[in-house]
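Data block below; observations after.
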Amino acid sequence: MPSLKDLKNRIESVKNTRKITKAMQMVAAAKLRRAQDAAEASRPYTERFNAVLGGLAASVGGSDSAPKLLSGTGSDQTHLLVVMTAERGLCGGFNSNIAKLARLKAEELKAAGKTVKVLTVGKKGRDAIKRDLGDDFIGHVDLTEVKRVGYDNAQDIARDVLARFDADEFDVATIFFAKFVNVVTQVPTAQQIIPASFEGSEEEGTSTLYDYEPSEEAILADLLPRGVATQIFAALLENGASEQGARMSAMDNATRNAGDMIDKLTIQYNRSRQAVITSELIEIISGAEAL
Amino acid sequence: MAQTMQFDLVSPERSLASLQAIAVQIPGADGDLTAMPDHAPTITTLRPGVLTVQGDKGSESYAVTGGFADINAQGTSVLAEKAIPVADLTAEDMDSLIAIAKEAVETAAADNKDVAAKNLADLETLRTTLNV
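Chains as they are written, first to last, in the numbering used here: chain A, 1 to 291; chain B, 1 to 132.
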């Protein structure tokens with residue numbers, strides 16, 4: 001049975017924890033709003049970009065002269081997995097869910113006899129898959145210092161990926177990130193970025209007959225690398241919103257649990273205090289009776 | 001009242017302009033062009049340069065780099081990787097862009113060298129034109 005003082009200290013410490021988790025929850029809520037705004041603001045660009053690129057890809061795609069970024073290298077032996085996670089923990093299952101998806105995919109590919117290479121973005125994901133895939137790491141992008149993810153960050157990652165592609169280091173690239181559905185739901189997603197694939201965007205581009213300047217092929221060759229950066233950027237923003245959402249609900253849970261714990265401890269504290277008073281009274285009474 | 005068309009200028013991070021425009025001067029990769037209402041549908045890539053949009057309430061200029069313009073019956077949209085209103089453009093912005101372009105020239109593979117070098121030259125011309 002802990003002493004009254006111990007209990008009191010314990011309650012005090014849980015109260016402090018609750019204050020911290022509450023504050024973290026509110027910070028996450030504020031950051032979430034900003035992250036969602038950023039994702040919202042980038043949407044027009046991404047949508048139009050993909051519509052135009054999809055139209056172009058549909059008309060040029062079949063020919064032999066199609067760029068490698070679109071048609072692939074002709075093999076799918078080496079896979080690059082770009083695993084994008086957060087730089088910080090305390091956000092529920094966010095990081096581990098992405099890591100788990102990436103690990104499963106890597107195992108599947110390895111079982112099929114493919115070579116797997118891993119590029120990590122974000123410290124937490126790196127730590128989570130180090131044990132299983134540590135030997136396959138080829139690089140890491142650190143965003144610890146970045147307060148607000150910008151297009152420049154995405155461009156840096158894209159440049160790195162494209163340089164490796166040009167050097168024939170891999171045939172297929174897939175990015176892993178969490179799609180933001182709402183505050184409690186984030187879906188870990190795998191998306192193939194090289195060779196580029198466009199879903200459902202083809203109908204729009206073909207409805208108008210365009211003049212192309214310089215030529216269709218030249219535009220496609222210019223836009224495809226930018227498309228990689230755009231997709232990475234969209235994924236980073238999506239991830240940012242998901243991270244804050246996950247942290248918010250994790251901290252909300254923590255706050256509620258701390259509250260429950262305080263209630264329980266308080267009851268225990270009151271009971272022991274009552275027990276002490278009762279036993280003191282018994283002592284006094286029995287002392288008086290003995291006289 | 002002059003005929004107008006919908007004009008949008010978006011960068012990945014935000015939408016910079018969305019308005020009714022009378023004419024838009026676009027720095028296309030093959031040379032400048034001016035899009036006006038009922039222009040033939042065209043898609044052109046951009047080179048670093050100044051984009052000027054003439055609206056009902058005067059004209060505005062933006063420094064743009066990389067991306068493309070999509071001119072069609074609904075209007076004109078310009079998707080630029082970087083778009084900064086000329087008034088807000090600072091020497092540092094220019095410096096960092098040129099530094100990146102220089103690096104690209106150095107690291108570019110032989111067959112891409114010309115493209116990278118042209119990009120750098122365009123940026124330097126842009127700098128001289130705007131005098132920042």
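Backbone N, C-alpha and C fix where the C-beta goes; we use that ideal spot for every residue, glycine too.
{"Check": "P27/B classed as buried or exposed, judged by whether at least 16 other C-beta atoms fall within 10 angstroms", "Outcome": "buried"}
{"Check": "Sufficient close CB pairs (3 or more, under 8 Å) joining the stretch 37-49 of chain B to the stretch 8-21 of chain A", "Outcome": "no"}
{"Check": "Integer Cβ distance of K117/A from L80/A, believed to fall under 8 Å", "Outcome": "5 Å"}
{"Check": "Among A29/B, V24/B, Y62/B, E81/B, nearest to Q54/B - alpha-carbon criterion", "Outcome": "V24/B"}
{"Check": "Neighbouring residues, chain A, relative to I43/B (Cβ below 7 Å)", "Outcome": "V52, Y210, Y212, I219"}
{"Check": "Integer-rounded CB distance, given that Q244/A should sit under 8 Å from L32/A", "Outcome": "4 Å"}
{"Check": "Opposing strand residues paired with L4/A [DSSP bridges]", "Outcome": "BP columns for L4/A are empty, so no partner."}
{"Check": "Test: F233/A CB closer than 8 Å to a CB of chain B", "Outcome": "yes"}
{"Check": "V116/A: CB within 7 Å of a non-hydrogen atom of the ligand NAP", "Outcome": "What this structure holds is no ligand at all, so the ligand NAP is not there to describe."}
{"Check": "Per-residue burial, V146/A [other beta carbons within 10 Å of its own, 16 or more giving buried]", "Outcome": "exposed"}
{"Check": "Chain B residues whose Cβ lies nearer than 7 Å to that of D222/A", "Outcome": "T45"}
{"Check": "8 Å contact criterion, which T266/A and I11/A should meet: CB distance rounded", "Outcome": "6 Å"}
{"Check": "Close Cβ partners of A190/A (< 7 Å) along its chain, the five nearest in sequence each way excluded", "Outcome": "L101, K105, T174, F176"}
{"Check": "Cβ neighbour criterion (16 or more within 10 Å) applied to G66/B", "Outcome": "buried"}
{"Check": "Buried/exposed call for P2/A, threshold 16 Cβ in 10 Å", "Outcome": "exposed"}
{"Check": "Beta-carbon proximity list for P67/A, same chain, < 7 Å, skipping 5 on both sides", "Outcome": "L220, A221, L224"}
{"Check": "Residues that DSSP places opposite E213/A in a beta bridge", "Outcome": "T44/B"}
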